[in-house]
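**Student:**
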Amino acid sequence: MSRWRREVHALGIDATHLVAVGAAPLLVLEPPQTWTTEVLGQALRPWWQQRGRGSWRVLVAPDLCKHWTQHPPAGLRSLDELRQLTQLQAARLFGAQPADWQVQADWQLDQPFACVAMPTALVSAWLECAHELKVSLQLESALWVALRLALDGRRAAGWTCWSTPGTNVMARTDGRRVTALRCLRHGLGSDPDAARQRLLADLKQWRLVLSAPAAEPAIPAGQLPHWSAHESEAHWALQLGRPPAVGAASA
Amino acid sequence: MTVPVFDFARRHGHWLLGATGGRRRRTLALLALLAAGVVLASVTWQVIELRRQLQVRQQAVRQVAVAPVPAQAARLHAAVPLNEAERMRVNRVIRQLNTPWPLLLGVLEQAASPQVALLSIEPNIERGMVRVHAEGSSLDALLLHAEQVQRSPQVAHTLLLKIDHETSARGSAAPRLSYDMVLAR
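The structure is reproduced here in structure tokens:
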């Protein structure tokens with residue numbers, strides 16, 4: 004590690020697991036316990052005392068961080084309206100109140116665009132912990148990081164899809180941006196092969212729904228990490244924060 | 025294609041010169057802000073100082089314009105009337121300054137000889153005469169010198185004052201002659 008570049012410590016988090024590179028799970032929650040500033044702080048303080056330098060890159064698994072594509076309505080007067088609309092949509096799709104979701108998106112006014120929503124409470128908890136421990140923080144969606152790995156630099160239109168220990172992900176691109184994104188919980192974490200079979204079936208069904216042409220090519224999700232049975236989503240997310248050199252796992 | 029980066033830790037926007045994360049960035053941003061403030065204060069101070077100097081100079085120019093030089097000169101002229109004694113003193117100084125040295129020296133040069141040395145020339149212009157002290161190898165040479173001076177057309181006459189041939193008093197054997205040379209008008 005260069006003495007001039009800040010060391011980045013990757014962390015993965017899902018609904019019940021908080022994991023870091025080179026360590027046993029920092030904390031495993033028992034439902035219905037949820038992530039709060041106190042819970043996160045108790046898990047992170049002893050781990051960070053052993054390191055104490057660098058920054059955090061936190062990858063949030065798809066069971067906590069939600070994704071969808073938004074169709075912008077006509078007659079919008081400002082980006083703020085569009086932002087409020089996506090918060091309403093997050094509340095409608097995933098529950099809770101609009102203010103309980105932080106939304107970031109590839110904002111478009113004339114075509115569908117991809118949205119990423121993270122619970123406000125989770126974002127606040129991480130920010131407060133980072134502030135308390137005086138560490139710089141990146142808080143990202145693991146699924147969106149995987150999408151960047153799969154599509155960044157590619158110009159071809161088509162489909163890409165993969166499965167994580169808890170979610171099947173399908174994305175469609177026109178070569179310039181993501182035009183459709185669908186994430187389905189599969190509940191087959193103990194059987195990776197079954198999860199992939201489910202993914203193919205889901206993809207076939209969704210292409211029919213979208214009336215996608217049969218000739219539209221599949222884009223291999225080249226550098227995404229493998230996962231094995233009973234692996235948590237947090238572990239899968241954590242592998243995206245590591246340097247490259249993980250195996251391919253395209254669907 | 026380029027997939028955008030979504031970092032939820034930066035959702036609060038750019039609060040200070042784009043510094044949203046990290047103490048080092050905030051410190052650098054604050055230092056940049058402080059440096060900009062110092063530069064701004066310095067420029068402002070210079071502008072204020074230049075404006076003050078400009079006002080001072082404009083005031084000086086206005087004062088000079090209000091009291092012009094010719095008026096001052098006229099006031100001085102009218103303020104000092106000369107009395108008789110002062111007028112005579114001024115005239116004396118003027119006459120002293122107007123001594124006709126070329127004429128005087130020309131007369132003495134024409135009467136010069138190797139046997140006579142001039143010791144002093146004291147013009148008394150008020151009386152229109154010059155007192156000359158001369159030393160010669162002999163009394164005859166001195167008298168011849170006085171006669172030649174008197175023959176000059178610029179000289180009205182000469183008036184012998186004193187002949188000093190007493191060697192014991194001065195310690196010198198050469199005689200001396202003092203005479204007044206009255207210039208022709």
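Residue numbers (the working numbering), protein chains in the order written: chain A, 4 to 254; chain B, 25 to 209.
Note that CB positions come from ideal geometry on N, CA and C, so glycine has one too.
#1: Between which two residues does the beta strand (DSSP E) containing residue 138/A stretch?
#2: Since residue 130/A meets chain B, which of its residues come closer than 7 Å, beta carbon to beta carbon?
#3: Near residue 136/A, which residues of its chain fall below 6 Å by C-beta distance, leaving aside the five closest residues on each side in sequence?
#4: Return the chain-ordered ranges of every beta strand (DSSP E) run that is complete within the segment 70-128 of chain A and spans a minimum of 3 residues.
#5: Can you tell which of 126/A, 150/A, 47/A has its C-alpha closest to the C-alpha of residue 70/A?
#6: Find out if the Cβ-Cβ distance for the pair residue 183/A, residue 213/A is shorter than 8 Å.
#7: What first and last residue would you give for the alpha helix (DSSP H) that runs through residue 205/B?
#8: Going by C-alpha to C-alpha distance, which of 45/A, 233/A, 112/A, 108/A sits closest to residue 81/A?
#9: So does the segment 172-191 of chain A actually touch the segment 104-120 of chain A, counting three or more Cβ pairs closer than 8 Å?
#10: What residues from chain B crowd round residue 179/A, counting only those whose CB sits closer than 7 Å?
#11: How far does the beta strand (DSSP E) with residue 165/A in it extend, from its first residue to its last?
#12: Put residue 122/B into one of helix, strand or coil per three-state DSSP.
#13: For residue 71/B and residue 51/B, I'd like the C-alpha separation in whole angstroms.
#14: When Cβ atoms are compared, which residues of the segment 135-161 of chain A fall closer than 8 Å to chain B?
#15: Considering Cα atoms alone, identify which of 132/B, 58/B, 65/B, 88/B is closest to residue 147/B.
#16: Relative to chain C, which residues along the segment 162-196 of chain A have a C-beta separation below 8 Å, given in chain order?
#17: Considering residue 201/A, what are the terminal residues of the alpha helix (DSSP H) in which it resides?
#18: Relative to the alpha-carbon of residue 121/A, which residue among 63/A, 218/A, 208/A, 241/A has its alpha-carbon at the smallest distance?
#19: According to the neighbour-count rule (16 or more other Cβ atoms, all chains shown, within 10 Å of its Cβ), is residue 144/B buried or exposed?
#20: What's the gap between the Cα of residue 37/B and the Cα of residue 78/B?
#21: In terms of residue numbering, what span does the alpha helix (DSSP H) encompassing residue 227/A cover?
#22: Start and end of the beta strand (DSSP E) containing residue 244/A?
#23: With C-beta atoms as the reference, is residue 67/A less than 8 Å away from residue 148/A?
#24: Could you say which of 180/B, 181/B, 112/B lies nearest to residue 150/B if we only look at CA atoms?
#25: Mind reading off the beta-carbon distance from residue 53/A to residue 73/A? Whole number of angstroms is fine, and I expect it under 8 Å.
**Tutor:** Taking the definition as stated:
#1: Counting along the chain, residue 138/A falls outside any beta strand (DSSP E), and DSSP gives it neither H nor E.
#2: 33
#3: For residue 136/A, where only same-chain residues beyond five positions count, the Cβ hits under 6 Å are 51.
#4: With a minimum length of 3 residues, the unbroken runs of beta strand (DSSP E) contained wholly in the segment 70-128 of chain A fall at 104-108, 116-122.
#5: 150/A
#6: In contact: residue 183/A and residue 213/A (Cβ atoms closer than 8 Å).
#7: Annotation for residue 205/B: no alpha helix (DSSP H) segment contains it, though the beta strand (DSSP E) segment containing it runs 200-207.
#8: 112/A
#9: Taking 8 Å as the limit for Cβ pairs, the verdict is that the segment 104-120 of chain A does touch the segment 172-191 of chain A.
#10: Under the 7 Å cutoff, chain B gives 25.
#11: 161-166
#12: coil
#13: 30 Å
#14: 137, 139, 140, 141, 142, 143, 144, 147, 150, 151, 154, 155, 156, 157, 158
#15: It is 132/B whose Cα lies nearest to the Cα of residue 147/B.
#16: Judged by its chain identifiers, the structure shown contains no chain C, and its protein chains are A and B.
#17: 195-213
#18: 63/A
#19: exposed
#20: A caution first: residue 37/B carries a pLDDT of 46, below 50, which makes its placement in the model too unreliable to give a value.
#21: Unbroken run through residue 227/A: none, as it is neither H nor E.
#22: Where residue 244/A is concerned, there is no enclosing beta strand (DSSP E), although the alpha helix (DSSP H) it sits in stretches over 236-244.
#23: no
#24: 112/B
#25: Not confirmed; about 42 Å, so no contact.
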